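Colleague: 19 is the number of the first residue of the sequence shown in the working numbering; add one for each residue after it. Just so you know, even glycine gets a beta-carbon here, dropped at the ideal spot from N, CA and C. Bear in mind that the values here come from a model prediction, so they are computed numbers and not experimental data.
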Amino acid sequence: MNGYSYRLYPDATGRERARGTMRYTREELMDMTTFQLRNICYKERLVEGLGPRTEREELIRIILKFLGADDVLWIDQSLEGGFERIQKAISRHMTAPMSSDGGISVPARLILYEGLKVDKLDQYVVTAPGGLTESNVLLVNESMELCGIFNLVKDESISGTFYLTAGSGSTWKRSGNRQYSLLFFRKRDSEYLYQTYYSSRPLPPVHIQYTQIPLADLDIRELEPTDAVLAIDFGTSNTTAGAYLHNGYIQAPSSQDLLNGRVRMDAINYVAFPDPTYKDTDWIEVLPTAIGVAECSDPANIRYEFGYEALRSMRRGGYSSRASVFRSMKRWVNNYNKMEEIVDVHGNAAMVSRMDLLRAYMNYIIRTAEHQFKCKFRHVHFTSPVKMKAQFLQMFGEMLPDYRIEQTYALDEGMAVLYNTLADGMERGAFMEGQTYHALVIDCGGGTTDLSSCAFTIEDGHMAYKLDIHTTYENGDTNFGGHNITYRIMQFMKIIFADYYSGRRQVTDIDSLIEAPGADVFRQVDEEGVKSVYQKLEQRYEEAEHIIPTAFARRENRSRDEYLRVRGNFYFLWEIAEEMKQQFFRKTGILRNRFHSEMEDDGDSDLQITTMERWFLSVERSGELKDEYEFPDVVFNIKEITQLIKADIYEVVRKFLDDFYRQGRMSQYSIIKLTGQSCRIDVFREALKEFVPGRSIEFRQKPAEGRVPDLKLACLRGAIRYLSARKTGSVQADITHDAAVIPYTVSAYTHNGREKMLISSLDRSDGIPGSISRPFETAEVELYLSGSDGQLRQKFVYANRPDAYKEVLYEDIRDQYGDKIPQDDTDSIVNGETKFFVFPDDRHWGFHVLPVARRNERLYLGPQKLLPFETDLSELDFFDGMK
Numbered sequence: 019m020n021g022y023s024y025r026l027y028p029d030a031t032g033r034e035r036a037r038g039t040m041r042y043t044r045e046e047l048m049d050m051t052t053f054q055l056r057n058i059c060y061k062e063r064l065v066e067g068l069g070p071r072t073e074r075e076e077l078i079r080i081i082l083k084f085l086g087a088d089d090v091l092w093i094d095q096s097l098e099g100g101f102e103r104i105q106k107a108i109s110r111h112m113t114a115p116m117s118s119d120g121g122i123s124v125p126a127r128l129i130l131y132e133g134l135k136v137d138k139l140d141q142y143v144v145t146a147p148g149g150l151t152e153s154n155v156l157l158v159n160e161s162m163e164l165c166g167i168f169n170l171v172k173d174e175s176i177s178g179t180f181y182l183t184a185g186s187g188s189t190w191k192r193s194g195n196r197q198y199s200l201l202f203f204r205k206r207d208s209e210y211l212y213q214t215y216y217s218s219r220p221l222p223p224v225h226i227q228y229t230q231i232p233l234a235d236l237d238i239r240e241l242e243p244t245d246a247v248l249a250i251d252f253g254t255s256n257t258t259a260g261a262y263l264h265n266g267y268i269q270a271p272s273s274q275d276l277l278n279g280r281v282r283m284d285a286i287n288y289v290a291f292p293d294p295t296y297k298d299t300d301w302i303e304v305l306p307t308a309i310g311v312a313e314c315s316d317p318a319n320i321r322y323e324f325g326y327e328a329l330r331s332m333r334r335g336g337y338s339s340r341a342s343v344f345r346s347m348k349r350w351v352n353n354y355n356k357m358e359e360i361v362d363v364h365g366n367a368a369m370v371s372r373m374d375l376l377r378a379y380m381n382y383i384i385r386t387a388e389h390q391f392k393c394k395f396r397h398v399h400f401t402s403p404v405k406m407k408a409q410f411l412q413m414f415g416e417m418l419p420d421y422r423i424e425q426t427y428a429l430d431e432g433m434a435v436l437y438n439t440l441a442d443g444m445e446r447g448a449f450m451e452g453q454t455y456h457a458l459v460i461d462c463g464g465g466t467t468d469l470s471s472c473a474f475t476i477e478d479g480h481m482a483y484k485l486d487i488h489t490t491y492e493n494g495d496t497n498f499g500g501h502n503i504t505y506r507i508m509q510f511m512k513i514i515f516a517d518y519y520s521g522r523r524q525v526t527d528i529d530s531l532i533e534a535p536g537a538d539v540f541r542q543v544d545e546e547g548v549k550s551v552y553q554k555l556e557q558r559y560e561e562a563e564h565i566i567p568t569a570f571a572r573r574e575n576r577s578r579d580e581y582l583r584v585r586g587n588f589y590f591l592w593e594i595a596e597e598m599k600q601q602f603f604r605k606t607g608i609l610r611n612r613f614h615s616e617m618e619d620d621g622d623s624d625l626q627i628t629t630m631e632r633w634f635l636s637v638e639r640s641g642e643l644k645d646e647y648e649f650p651d652v653v654f655n656i657k658e659i660t661q662l663i664k665a666d667i668y669e670v671v672r673k674f675l676d677d678f679y680r681q682g683r684m685s686q687y688s689i690i691k692l693t694g695q696s697c698r699i700d701v702f703r704e705a706l707k708e709f710v711p712g713r714s715i716e717f718r719q720k721p722a723e724g725r726v727p728d729l730k731l732a733c734l735r736g737a738i739r740y741l742s743a744r745k746t747g748s749v750q751a752d753i754t755h756d757a758a759v760i761p762y763t764v765s766a767y768t769h770n771g772r773e774k775m776l777i778s779s780l781d782r783s784d785g786i787p788g789s790i791s792r793p794f795e796t797a798e799v800e801l802y803l804s805g806s807d808g809q810l811r812q813k814f815v816y817a818n819r820p821d822a823y824k825e826v827l828y829e830d831i832r833d834q835y836g837d838k839i840p841q842d843d844t845d846s847i848v849n850g851e852t853k854f855f856v857f858p859d860d861r862h863w864g865f866h867v868l869p870v871a872r873r874n875e876r877l878y879l880g881p882q883k884l885l886p887f888e889t890d891l892s893e894l895d896f897f898d899g900m901k
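Written as structure tokens, this is what we have:
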């Protein structure tokens, strides 16, 4: 078979291993559930741990007895007085180095920065033929004065290779003597130094053996500020960051980073984040939008985990840890001051604001960028959804007061994607000067999908390119994004696994769940609606809940063990569904996926292996949830997954483009730009072709390279290119945001129960306002927000305060609100009447309620209130425990 298949294996190292070669530390085991500990005993055939009543501590003891890993005692957290105690130990217990250097090779030069960590990406590599172990390494001068402490970490991918690391709080001491050396130790001597550093009590004297290797050069520097702009694309699922680093962005860039290719001058540099999912940490240019709580016993000093580390902690805890993990934080923009209770793995609790959580996440991104590029950023640019640009910029400005947040030239996400396309076209000379081009941008993010249109002209001026751009928000769906696709795959997997574990070894065919043939799915959506396509799937999914339960919020009144098992089922299935989605749609050649418990070579040329650590499912048998160790013998293929998500994707494309098609407007668009990771799926392009007129439009995508799709970086790259072009003066851009299309309806009910439309769906935001009348003494006015599909999204209550009204003339209202409130509408107000005017505000993506009353033939104006079109409750939350 041509192409690839996709398998998951229960081994996080990604390499074939014999039973018994995995090693576990006590810290790792303490984070695991009893179910996971028993799972290890089952897989590793540790008979002592297979008894049904074996206690948790006994399971840990058994695993450590046979599969225990050696703990490395690293000095990685600063402690007052520890540096001085190590200096005394050097003076008292280290008299002379060993005569042989042991074949140890060290870097020629080290460049260290105050306040910055040292990690694998700095590539300070140490090699030795043998005998060297992970340990603490001391930096000293010729007089044996302590100047710093490193950790020596083994490189799992290369035998005999290590690298130097140090925490961001490490002390680097400059000295008058510049003859520096590194001191290496045996394991027991390194542990003695660890005890010395962290213990205030004197330790018994010992003779410490060490190997001294001189350095050719050492440079300790302060971090330089830079005028380069750090651009951040804050996404619902993932976040990216990067900057254009011009030659001279700082006075003294790190020669090490330039030689290693970590920093590229006069080019876009993307921030790489550590992914410790596997034992050999990988670095990737995208960070999951997730933050976990590692330690909150001291509310003034809370320790968080970010991105991959937060997700790894969830996985290590069997998805049933009590520690808080927050995802989809982008949805908080309209309520970012709300307080949240957080809990760590030990049960400690604290209250923090969402702002604090977001600030910690953003500071982590900025610190990682500063570490990679060895500079201090002061200027940050955030891309944001076009419809909520003002709210996001306000939030980021309050969140990061120490940074200058770009406001004047900030690009929204759609505009950034489009500019990236324009910059490519200008470089190729693809656009005719003075001609008006029209483009559509469809952005399918993790939680939402948005449609924007744009008309632009390009002129090659005598000193710069002149861009005249008019952009309009056309439509959006806050309840469709990449998460929806993951959820559909998870539903299908749960049904298949439930059939397998219930004894029906035959695999449920996709055609029994999605009954419409592939070619007829679009027609069925047109004629009967998208819900009709998934009716049987939803029914079977509910039935599967009785075998593999995942709706953990429905089990809050059950036992703790049952609740945690069900919660673990959901997050485990979600993760493997997300992984399978990425593998299927990141590379076009992946055709099949299979879950299997043992490494095997079946000779297929289409084999794609994705490894796993453990199998986490709990299955309901005879009214009780039981551990399930058996990997299901099930094969998934790309055709059935495509059939599964086809209707959902067509529905959102149809919703966006059907009116364009019926009005004959599609022919005017010469560019249709798809962006967001989910748009790599061929079904998007297949669905778009239903609405594209006879002349073809090309959908070009770069082939997948590495783990970050090109489409995910298009928004960030466009923002960086725009900021750089403006800075160098190569582009003069005039961007006009035209009135947005409002995909919502706002209504109220009259006193006799008649519904009155105040804002109609798909009206422009500069339209005539609606109004509803009430008696002057009315205390509350109820307003109803519905989507373009007619479904109620939110009920708002405007609290009327007649005592807060102020007497005005119509001229005062006109001066403040212009044509929003026509004089004819105020002249018609009678004594004792309050007319509540409702009009949209696309800049703040909401609508205003403005009461105008008449008493004793005088006009009165009440308090104006802005109500959001989208709150964090208006978006579909897949992690609410009801799925």
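#1: My understanding is that Leu248 touches Ala387, with C-beta atoms under 8 Å, so please give their C-beta distance in whole angstroms.
#2: Figure out for me which residue from Asn57, Met40, Leu241 has the closest Cα to the Cα of Trp633.
#3: Threshold first: 4 residues or longer. Then list the alpha helix (DSSP H) segments lying entirely within the segment 165-233, N to C.
#4: For the pair the segment 376-385 and the segment 224-235, tell me if three or more CB-CB distances fall below 8 Å.
#5: Whether or not the segment 860-870 and the segment 524-541 are in contact is what I'm after, with contact meaning three or more pairs of Cβ atoms, one per stretch, closer than 8 Å; do they touch?
#6: Short of 6 Å in beta carbon distance, which residues of its chain neighbour Lys901, apart from the five on each side in sequence? Order them along the chain.
#7: Under 8 Å by Cβ, that's how I've got Thr307 and Lys356 pegged, so tell me the actual separation to the nearest angstrom.
#8: Ordered along the chain, which non-local residues of its own chain (more than five positions away) have a Cβ less than 6 Å from that of Phe474?
#9: Return the CA-CA distance between Gly863 and Thr258, expressed in angstroms with no decimal places.
#10: If contacts are defined as beta-carbon pairs under 8 Å, then Thr254 and Gly465 qualify, I think. What distance do you get, rounded to the angstrom?
#11: Among Val815, Lys172, Lys135, Pro294, whose alpha-carbon lies nearest the alpha-carbon of Thr145?
#12: My output table needs one value for Glu723: the three-state DSSP class, helix, strand or coil.
#13: What does DSSP give as the partner residue(s) for Phe474 in the beta ladder?
#14: Quick check: Ile503 and Ile760, are their CB atoms within less than 8 Å of each other?
#15: Which term fits Asp898, buried or exposed, when burial requires 16 or more other beta carbons within 10 angstroms of its beta carbon?
#16: Grouping DSSP H, G and I as helix and E and B as strand, with all else coil, what is Trp350?
#17: Taking 6 Å as the limit between beta carbons, can you name the residues of its chain near Ser315, skipping five residues before and five after?
#18: I want to know whether the segment 398-405 touches the segment 848-859 - three or more CB-CB distances under 8 Å.
#19: Thinking just about the alpha-carbon of each residue, which of Ser806, Met373, Ser273 is nearest to the one in Gly494?
#20: My guess is that Ala822 and Gly771 are in contact by the Cβ rule of under 8 Å, so how many angstroms apart are they, rounded?
#21: Just the Cα atoms here: how many angstroms apart are Phe570 and Leu643?
#22: Have a look at Asp845, Pro840, Glu888, Tyr215 and flag the residue whose alpha-carbon is nearest the alpha-carbon of Lys813.
#23: In terms of alpha-carbon separation, which member of Lys394, Arg583, Tyr668 lies closest to Gly499?
#24: With distance defined between alpha-carbon atoms, name the residue in Gly194, Arg735, Asn352, Leu157 nearest to Phe202.
#25: Rounded C-beta distance between Asp94 and Gly194? I'm assuming under 8 Å.
#26: Does the Cβ of Ile176 have 16 or more other Cβ atoms within 10 Å, making it buried, or fewer, making it exposed?
#27: For Ala562, collect the residues of the same chain with a Cβ closer than 6 Å to its Cβ; drop the 5 residues on either side in sequence, then sort them by chain order.
#28: Under 6 Å Cβ to Cβ from Glu825, same chain only, skipping five residues before and after it: list those, please.
#29: Can you tell which of Arg872, Asp756, Thr844, Lys707 has its C-alpha closest to the C-alpha of Pro793?
#30: With a threshold of 8 Å, are at least 3 pairs of Cβ atoms found where one atom belongs to the segment 747-767 and the other to the segment 776-793?
#31: Rank Pro858, Leu411, Arg110 by C-alpha distance to the C-alpha of Lys883 and give the top, closest one.
#32: Heavy atom of the ligand SAM less than 7 Å from the Cβ of Leu440, yes or no?
#33: Relative to the C-alpha of Asp796, which candidate in Pro650, Ala817, Gln809 has its C-alpha closest?
#34: Under the DSSP definition of a beta bridge, which residues are partnered with Ile302?
#35: What does a CB cutoff of less than 7 Å around Phe391 pick up in its chain, not counting 5 residues either side in sequence?
#36: At which residues does the alpha helix (DSSP H) containing Leu375 begin and terminate?
Modeller: This is what the structure gives:
#1: What you label residue 248 is simply residue 230 of the sequence shown in a count that begins at 1. What you label residue 387 is simply residue 369 of the sequence shown in a count that begins at 1. 5 Å between Cβ atoms; contact.
#2: In the sequence shown, counting from the first residue as 1, residue 633 sits at position 615. Among Asn57, Met40, Leu241, the Cα nearest to that of Trp633 is on Asn57.
#3: Counting only runs of 4 or more residues that sit fully inside the segment 165-233, the alpha helix (DSSP H) segments are 205-216, in chain order.
#4: The segment 376-385 is not in contact with the segment 224-235.
#5: no
#6: In the sequence shown, counting from the first residue as 1, residue 901 sits at position 883. Excluding its 5 nearest sequence neighbours in each direction, Lys901 has no C-beta neighbour in its own chain below 6 Å.
#7: Position 289 of the sequence shown, counted from the first residue, corresponds to residue 307. Position 338 of the sequence shown, counted from the first residue, corresponds to residue 356. Not really, about 17 Å apart at Cβ, beyond 8 Å.
#8: As a working mapping, residue 474 is identified with position 456 in the sequence shown. Excluding sequence neighbours, Phe474 sits near Tyr455, Ile487.
#9: Along the sequence shown, read from residue 1 onward, the residue named residue 863 stands at position 845. Along the sequence shown, read from residue 1 onward, the residue named residue 258 stands at position 240. Sequence check: residue 863 is Trp here, not Gly. Whole-angstrom Cα-Cα distance: 25 Å.
#10: As a working note, residue 254 is residue 236 in the sequence shown. As a working note, residue 465 is residue 447 in the sequence shown. So it is a contact: roughly 4 Å between Cβ atoms.
#11: Here the question's residue 145 lines up with position 127 in the sequence shown. Nearest C-alpha to Thr145: Lys172.
#12: One-based indexing of the sequence shown puts residue 723 at position 705. Here the model assigns Glu723 a pLDDT of 47, short of 50, so the residue's position is not dependable and the matter cannot be decided.
#13: Counting from 1 along the sequence shown, the entry for residue 474 is found at position 456. Its beta-bridge partners are Tyr455, Ile487.
#14: Position 485 of the sequence shown, counted from the start, is the residue given in the question as residue 503. Position 742 of the sequence shown, counted from the start, is the residue given in the question as residue 760. No; because the gap between Cβ atoms is not below 8 Å, this pair is not in contact.
#15: Translated into positions along the sequence shown, residue 898 becomes position 880. Exposed, by the Cβ-count rule.
#16: Taking the first residue of the sequence shown as position 1, residue 350 is located at position 332. Three-state DSSP puts Trp350 in a helix.
#17: To locate residue 315, count along the sequence shown from 1; it is residue 297. Asn366, listed in sequence order.
#18: As far as the Cβ criterion goes, the segment 398-405 does not touch the segment 848-859, which means the pair count is below three.
#19: The residue given as residue 494 occupies position 476 in the sequence shown. Nearest of Ser806, Met373, Ser273 to Gly494, Cα basis: Ser806.
#20: For this step, residue 822 is matched to residue 804 along the sequence shown. For this step, residue 771 is matched to residue 753 along the sequence shown. Not confirmed; about 29 Å, so no contact.
#21: Stepping through the sequence shown from its first residue, residue 570 is reached at position 552. Stepping through the sequence shown from its first residue, residue 643 is reached at position 625. Computed Cα separation, rounded: 13 Å.
#22: Residue 813 sits at position 795 when you count from the first residue of the sequence shown. Among Asp845, Pro840, Glu888, Tyr215, the Cα nearest to that of Lys813 is on Glu888.
#23: Position 481 of the sequence shown, counting from 1, holds the residue named residue 499. Gly499 has its Cα closest to that of Tyr668, out of Lys394, Arg583, Tyr668.
#24: Indexing the sequence shown from 1 puts residue 202 at position 184. Ranking Gly194, Arg735, Asn352, Leu157 by Cα distance to Phe202 puts Leu157 first.
#25: Stepping through the sequence shown from its first residue, residue 94 is reached at position 76. Stepping through the sequence shown from its first residue, residue 194 is reached at position 176. Wrong, their Cβ atoms sit about 28 Å apart, outside the cutoff.
#26: As a working mapping, residue 176 is identified with position 158 in the sequence shown. Exposed.
#27: Mapped onto the sequence shown, residue 562 falls at position 544. So the list reads Lys512, Ile513, Ala516, once near-sequence residues are dropped.
#28: In the sequence shown, residue 825 corresponds to position 807, counting from 1. Closer than 6 Å at Cβ, skipping near neighbours: Arg876, Tyr878.
#29: The count along the sequence shown starts at 1 and reaches residue 793 at position 775. When each option's Cα is compared against that of Pro793, the closest is Arg872.
#30: yes
#31: In the sequence shown, the residue the question calls residue 883 occupies position 865. Looking at the Cα atoms, Pro858 is the closest of the given residues.
#32: Absence of the ligand SAM from the depicted structure is noted, as is the absence of any ligand whatsoever, leaving it without description.
#33: Position 778 of the sequence shown, counted from the start, is the residue given in the question as residue 796. Sequence check: residue 796 is Thr here, not Asp. Thr796 has its Cα closest to that of Ala817, out of Pro650, Ala817, Gln809.
#34: For the purposes of this step, residue 302 is taken as the residue at position 284 of the sequence shown. Bridge partners of Ile302: Phe291.
#35: As a first step, residue 391 is located in the sequence shown; it is residue number 373 there, counting from the start. Hits under 7 Å: Ala261, Leu263, Val281, Asn287.
#36: For the purposes of this step, residue 375 is identified with residue 357 of the sequence shown, where counting begins at 1. Where Leu375 is concerned, the enclosing alpha helix (DSSP H) stretches over 372-391.
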